[in-house]
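Peer 1:
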Ligand SMILES: [Zn+2]
Ligand SMILES: [Zn+2]
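Shown next as structure tokens:
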């Protein structure tokens, strides 16, 4: 199994690397990636710039200790800001990561996934267009290996008023053209929206366009590692995806679902129920 998205106390996680590693081993996860937040804006939920070297040293050390059948991968979750591609690239190049997840937590200067009040005066359909056009720019930027929680805009049950299929289709097409991997982020189940990021309709369009996928629990606490993965893998297979991707030194590899050693017999996996 592969879980490429989790956070430690270097950003806004509540636990440390070794806690996550121990849990992942228990669950039968064999490729695990830690991806703390990196943001150009000075937000409290991202790694402080003076801690980037410490984060890197810790990951390099732990990768050495975990290099056999359990494979620890060094990721970062980087905020995308249109027009600031050069600055983002400079930061990513400074850090010897295996992969960079590109995420959109800001629209303009609004941190829409933490500030719930900003929705009140908004036309939600226009907001969806703004959001997904930003996702398309992130895909076109060439900065990222993976796009994070692709429809995070729905987090607080922010649903569009009209049909968004064409917007989703265009987004899938742009992602396919730029050959960026999309994560099935299973944390959405535990958010007010109550469903995976992205939703089934988007996943089907991505599959139709030949986009590759991976999985991330977006764990901020150790008990969230690998959350809802059985449901997620079953959904991906049902839609028609054949494999999951991972990255080492920014080179993409994949494992077919039938080669994954799925530990569903492990009771605790099914019973993982996190907030
Ligand atoms: Zn995120
Ligand atoms: Zn995250």
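Residue numbers (our numbering): 1 to 275. Cβ atoms here follow ideal geometry from the backbone N, Cα and C, with glycine treated the same way.
According to DSSP, is residue 36 part of a helix, a strand, or is it coil?
Peer 2: In the chain shown, counting from the first residue as 1, residue 36 sits at position 36. Three-state result, residue 36: strand.
Peer 1: Roughly how many whole angstroms lie between the Cα atoms of residue 130 and residue 110?
Peer 2: The residue given as residue 130 occupies position 130 in the chain shown. The residue given as residue 110 occupies position 110 in the chain shown. Here the C-alpha atom of residue 130 lies approximately 12 Å from the C-alpha atom of residue 110.
Peer 1: Return the Cβ separation of residue 21 and residue 66 in integer angstroms, given the expectation that the two are a contact with Cβ distance under 8 Å.
Peer 2: The sequence position of residue 21 within the chain shown is 21, counting from 1. The sequence position of residue 66 within the chain shown is 66, counting from 1. Yes, they are in contact, since the Cβ atoms of residue 21 and residue 66 sit about 6 Å apart, within 8 Å.
Peer 1: So if DSSP puts residue 247 in a beta bridge, which residue, or which two residues, is it bridged to?
Peer 2: Here residue 247 corresponds to residue number 247 of the chain shown, with the count starting at 1. Answer is 252, bridged to residue 247.
Peer 1: Let me check understanding here. Comparing Cα to Cα, which of 80, 199, 186, 172 lies closest to residue 159?
Peer 2: The sequence position of residue 159 within the chain shown is 159, counting from 1. With distances taken between Cα atoms, residue 159 lies closest to 199.
Peer 1: Give the secondary structure of residue 131 by DSSP, where H, G and I count as helix, E and B as strand, and everything else as coil.
Peer 2: If you number the chain shown from 1, residue 131 lands on position 131. Residue state for residue 131 is assigned as helix, using DSSP reduced to three classes.
Peer 1: For the region 183-202 against the region 125-144, are there 3 or more C-beta pairs whose distance is under 8 Å?
Peer 2: no
Peer 1: For residue 80, name the three-state secondary structure that DSSP assigns.
Peer 2: For the purposes of this step, residue 80 is taken as the residue at position 80 of the chain shown. Looking at residue 80 - three-state DSSP - the assignment turns out to be coil, as it is neither helix nor strand.
Peer 1: Reducing DSSP to helix, strand and coil, say where residue 11 ends up.
Peer 2: What you label residue 11 is simply residue 11 of the chain shown in a count that begins at 1. In this structure, residue 11 counts as coil in the three-state DSSP scheme.
Peer 1: So, at 6 Å on beta carbons, what are the nonlocal neighbours of residue 228 in its own chain, with the 5 sequence-adjacent residues on each side left out?
Peer 2: On the chain shown, residue 228 is found 228 positions in, with the first residue counted as 1. If you ignore the 5 residues before and after residue 228, its C-beta comes within less than 6 Å of the C-beta of 186, 189, all in its own chain and listed in chain order.
Peer 1: For residue 104 versus residue 214, is the C-beta distance shorter than 8 Å?
Peer 2: In the chain shown, residue 104 corresponds to position 104, counting from 1. In the chain shown, residue 214 corresponds to position 214, counting from 1. No, the pair does not count as a contact, with Cβ atoms beyond the cut-off.
Peer 1: Using 7 Å as the cut-off, classify the Cβ of residue 148 as near or not near the heavy atoms of ligand 1, replying yes or no.
Peer 2: As a working note, residue 148 is residue 148 in the chain shown. Yes, the beta carbon of residue 148 sits closer than 7 Å to at least one heavy atom of ligand 1.
Peer 1: According to DSSP, residue 103 sits in a beta bridge with which residue or residues?
Peer 2: One-based indexing of the chain shown puts residue 103 at position 103. Looking at the DSSP assignment, residue 103 forms a beta bridge with 79.
Peer 1: Using CA atoms only, rank isn't needed, just tell me which of 137, 151, 156 is closest to residue 117.
Peer 2: On the chain shown, position 117 is the one that residue 117 refers to. It is 156.
Peer 1: In three-state DSSP terms, what is residue 6?
Peer 2: If you number the chain shown from 1, residue 6 lands on position 6. In this structure, residue 6 counts as strand in the three-state DSSP scheme.
Peer 1: Counting pairs of beta carbons, one from the region 10-19 and one from the region 235-246, are three or more of them closer than 8 Å?
Peer 2: no
Peer 1: To the nearest angstrom, how far is it from the Cα of residue 154 to the Cα of residue 148?
Peer 2: Within the chain shown, the letter at position 154 stands for residue 154. Within the chain shown, the letter at position 148 stands for residue 148. In a straight line, the C-alpha of residue 154 is about 14 Å away from that of residue 148.
Peer 1: Grouping DSSP H, G and I as helix and E and B as strand, with all else coil, what is residue 241?
Peer 2: In the chain shown, residue 241 corresponds to position 241, counting from 1. Reduced to three states, the DSSP call for residue 241 is coil.
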